[in-house]
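Trainee: Structure provided below as structure tokens; questions to follow.
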Amino acid sequence: MPKREHYRERLARQRGASLAGPNTGQSPDVAQANADTIIDCGWGRLIFAHTFSDNRKLADALLAELPGNRDIAFYVHDPHVLLAMEPQNLFLDPSHTYRLWLDRYKTSPLRPRGFTVRLMNNREDAESVRRVYLARQMIPPPVEFMWKHRTSRSVQFFVASDNHTGEILGAATGIDHVEAFNDPEKGSSLWALAVDPQARHPGVGQSLVRHIAEYFIARGRSYLDLSVIHSNRAAIRLYEHLKFERINTFTVKKKNPFNEPLFIGDQPQEKLNPYAKIIVREAQRRGISVEVLDADAGFFELSFGGRAITCRESLSELTTSIAMSRCDDKAVTHRILQHAKLRVPGQVTFHDQSQAERFLDKFGSVVVKPARGEQGAGISVDVRDKESLRQAVDEAKKHCETVLLEEFVRGTDLRIIVIDGEVVAAATRRPPRIQGTGQATIRELIEKQSRRREAATDGESSIPIDRETKRCVQDAGFSMEQVLPYGEYLTVRKTANLHTGGTIHDVTRKLHPTLRQAAVKAAEAIQIPVTGLDFIVPNPAGEDYVIIEANERPGLANHEPQPTAERFIDLLFPNTVGA
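The opening position of the sequence shown corresponds to residue 48 in our numbering, with each subsequent residue numbered one higher.
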């Protein structure tokens, strides 16, 4: 007897009914026709292909996918037959299926540090889960769906939350096959595992997987299955480390815009960095033509309805050379903002060491930075003594001959994105921080954290072990080769720039109106249509601030759930608004 028919016979015997008989004992969120099991997960429907007796019905179920969803046919035993029925509409997903036999699972003596894994239990959790999925370019379940199904026994939403802040660091969906369709094999599966790319804690993904495995062990389930894209080597290493084994089954999906990268092969736009890719994807979604001119540098041309605009990430032809030069030279930016009666820190151009030391004596602590440059290169923050001042000036001169000395203002680093005269997003930026294990050296912890940041940002963010990092570690009373005590946190750089390992956290809804007005006024003073303004604030919800820089090419990624790419394309092609 073929495997699928054998499975269905077992399923029918367990239910005590024929395959054509009525469904009984099903969870309310499971829709079935006869024994054909489909379960809605919010991000799409999970179609259990091995419960279908007819490939035509299975194909029709996939073709019934709703717009904006991502349906998955799992456990497909005869993909060649299924695809032959709808070759233009269906494709074989390039993912591997892995199984963890739960009777062989070994618990870990190491438990999560600084965070807790639990079931989602409030609306704020659901909203944060949506943010995490958007940050990972994944389809999020609607908040209302997650809230409505929070007590479901077939679909469970798990979260990892920071013990101190309550912030959601990661999420995953667990499916109980017994509750879904009285699975005689007593299986379960894990889906949509995502870790916030800004999460600082190590081991969030592994802890989620372990917690879900232990949850289903407690329910008496026999195995935990999952599907992982074949190219995700980091995830595969994790699963194999946890003793998941690859099994011989397949996944089929419907061809749709979200799945397009999986079935059309490598495309030029896929080689773009995340800051260009987020814009290109939004343009393609609206039917705007994209031509990649230089993937390495982020240059591309967008064209629609006879209009063509060349961009370099968020810098477009709409930004004039005058506006760009005003942002490029930080001293010029400072003077323009000061002239506009906006609050800025004290600043001078470096001339000689004695002048610099007088400036240091005046403020007690200073920032040293090149007048031109980006991505935090050559910047030293919170310089307090004369020798560190001399070294900081030498470092800045490696990047630009003109060096600026600036009053160091304590507070939170805040980036505000202004597009076409409106604040679109605001986010606090935090410098890179490590947590001690009581075993690893500070150097090893930095290298490990840097690898996590690099993986989370497609290589755009990492922590350099340079003079500035070593200075910050030394100022905190440590050496690079010293073991950081268990549980202790150490900030290893004082700049919060994303390219040097910083993280970004959305605060758009908390932003004080005074800060919004200051950001719009600054963009108007510079006369620039798209900019990222760097503020230092005691609190984003308060009205105190200083503006330290303006960026003519701000990164629009990492501001989820704010519609940065959408507003950028609105500016470039207003006739596509609402497309």
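Idealized CB from N, CA, C, for every residue including glycine.
#1: On the three-state DSSP scale, how would you describe Arg563?
#2: Can you tell me the Cα-Cα spacing of Gly352 and Glu469, whole angstroms?
#3: Whole angstroms is fine: what's the gap from His224's alpha carbon to Ala82's?
#4: Anyone know if the C-beta pair for Thr561 and Glu590 falls short of 7 Å?
#5: How big is the Cα-Cα spacing for Ala612 and Lys301?
#6: Using a Cβ distance threshold of 8 Å, determine whether the region 173-180 contacts the region 208-220, with at least three qualifying pairs required.
#7: When the Cα of Ala543 is compared with those of Asp513, Pro478, Val530, Arg563, which residue comes out closest?
#8: Which whole-angstrom value describes the C-beta separation of Pro159 and Ser254, a residue pair presumed to lie in contact below a C-beta threshold of 8 Å?
#9: Is it right to say Gly213 is buried, meaning 16 or more other beta carbons lie within 10 angstroms of its own, or is it exposed?
#10: Flag this pair as touching only if the region 448-468 and the region 418-434 have three or more C-beta atom pairs under 8 Å; answer yes or no.
#11: Just to confirm, is the Cβ distance from Ala472 to Ile551 under 7 Å?
#12: Less than 7 Å between C-beta atoms, sequence neighbours within five positions excluded: which residues of the same chain meet that for Gly267?
#13: Could you check how far apart the C-beta atoms of Ala239 and Trp90 are, in whole angstroms? I think they sit under 8 Å.
#14: Span of the alpha helix (DSSP H) holding Gln521?
#15: Could you please give me the residues that DSSP links to Val415 through a beta bridge?
#16: Bridge partners for Asn622 per DSSP, in chain order?
#17: Identify every run of the beta strand (DSSP E) within the region 116-156, keeping only runs that are complete inside it and at least 3 residues long; order them along the chain.
#18: Relative to the C-alpha of Phe620, which residue among Asp375, Glu174, Val327, Asp101 is closest?
#19: Below 8 Å, can you find three or more Cβ-Cβ pairs linking the region 270-286 to the region 553-569?
#20: Note down the Cα distance separating Ala514 from Asn136, rounded to an integer number of angstroms.
#21: Determine whether the beta carbon atoms of Ala120 and Ile94 lie at a separation below 7 Å.
#22: Taking 7 Å as the threshold (C-beta atoms), are Ala443 and Gly423 in contact?
#23: Hey, quick one: how far does the beta strand (DSSP E) through Tyr536 stretch, first residue to last?
#24: What does DSSP give as the partner residue(s) for Arg177 in the beta ladder?
#25: Taking all protein chains shown into account, decide if Lys195 is buried (16 or more other Cβ within 10 angstroms of its Cβ) or exposed.
#26: In the DSSP assignment, find the unbroken alpha helix (DSSP H) run with Lys301 in it and report its ends.
#27: What is the rounded straight-line gap between the Cα of Leu646 and the Cα of Gln482?
#28: Looking only at C-alpha atoms, which of Arg518, Pro126, Pro610, Thr484 sits nearest to Thr296?
#29: According to the Cβ coordinates, are Leu113 and Leu271 closer than 7 Å?
#30: DSSP on Ile325, reduced to helix/strand/coil?
#31: Pairs of beta-carbons, one from the region 568-588 and one from the region 383-392, closer than 8 Å: are there three or more?
#32: Rounded to a whole number of angstroms, what is the C-alpha to C-alpha distance between Leu365 and Asp118?
#33: Compute the Euclidean distance between the alpha carbons of His606 and Arg500, then round it to the nearest angstrom.
#34: Leaving out five residues before and five after Val41 in sequence, what residues of the same chain have Cβ atoms less than 6 Å from its Cβ?
#35: State the start and end residues of the unbroken beta strand (DSSP E) segment that holds Phe410.
#36: Taking its Cβ as the centre, do 16 or more other Cβ atoms sit within 10 Å of His288, making it buried, or is it exposed?
Mentor: Quick look at the numbers:
#1: In this structure, Arg563 counts as helix in the three-state DSSP scheme.
#2: Going from the Cα of Gly352 to the Cα of Glu469 covers about 26 Å.
#3: Across the structure, His224 and Ala82 are spaced so that their CA atoms are roughly 13 Å apart.
#4: Yes; because the gap between Cβ atoms is below 7 Å, this pair is in contact.
#5: Cα-Cα distance, rounded: 26 Å.
#6: When Cβ pairs closer than 8 Å are counted between the two stretches, the region 173-180 is seen to touch the region 208-220, the count reaching three or more.
#7: Minimum Cα distance to Ala543 is reached at Pro478.
#8: Right, their Cβ atoms sit about 5 Å apart.
#9: So Gly213 ends up on the exposed side.
#10: Using a Cβ-Cβ distance cut-off of 8 Å, the region 448-468 and the region 418-434 are in contact, since at least three pairs of beta carbons, one from each stretch, lie closer than that value.
#11: No.
#12: For Gly267, where only same-chain residues beyond five positions count, the Cβ hits under 7 Å are Lys233.
#13: Contact holds; Cβ gap of about 6 Å.
#14: Per DSSP, Gln521 belongs to the alpha helix (DSSP H) from 514-522.
#15: Answer by DSSP bridge pairing, in chain order: Ser427, Leu452.
#16: Asn622 pairs with nothing; no bridge assigned.
#17: If we require 3 residues or more, the beta strand (DSSP E) runs fully inside the region 116-156 come out as 119-123, 137-139, 142-148.
#18: Ranking the options by Cα distance to Phe620, first place goes to Val327.
#19: In this structure the region 270-286 does not lie against the region 553-569, because fewer than three pairs of beta carbons, one per stretch, are closer than 8 Å.
#20: In the sequence on display, residue 514 carries Arg and not Ala. Their backbone Cα atoms lie some 55 Å apart in a straight line.
#21: The beta carbons of Ala120 and Ile94 sit closer together than 7 Å.
#22: Inclusion of Gly423 and Ala443 in the CB contact set at 7 Å is not warranted, their separation being larger than that value.
#23: Residues 536-538.
#24: According to DSSP, which records beta bridges pairwise, Arg177 is partnered with nothing at all.
#25: With a threshold of 16 other beta carbon atoms within 10 Å, Lys195 falls short and is exposed.
#26: Boundaries around Lys301 are those of the beta strand (DSSP E), 297-301, since no alpha helix (DSSP H) includes it.
#27: Past the boundaries of the shown model lies residue 646; the chain is included only from 48 to 626, so the question cannot be answered.
#28: Closest by alpha carbon: Pro126.
#29: No, they are not a contact pair.
#30: Residue state for Ile325 is assigned as helix, using DSSP reduced to three classes.
#31: With a cut-off of 8 Å, the region 383-392 and the region 568-588 count as touching, because enough Cβ pairs lie within range.
#32: Distance between the alpha carbons of Leu365 and Asp118: 40 Å.
#33: Answer to the nearest angstrom: the Cα atoms are 16 Å apart.
#34: Missing from the structure shown is residue 41; the chain here goes from 48 to 626 and no further.
#35: Unbroken run through Phe410 is the alpha helix (DSSP H), 400-410; no beta strand (DSSP E).
#36: That one is exposed.
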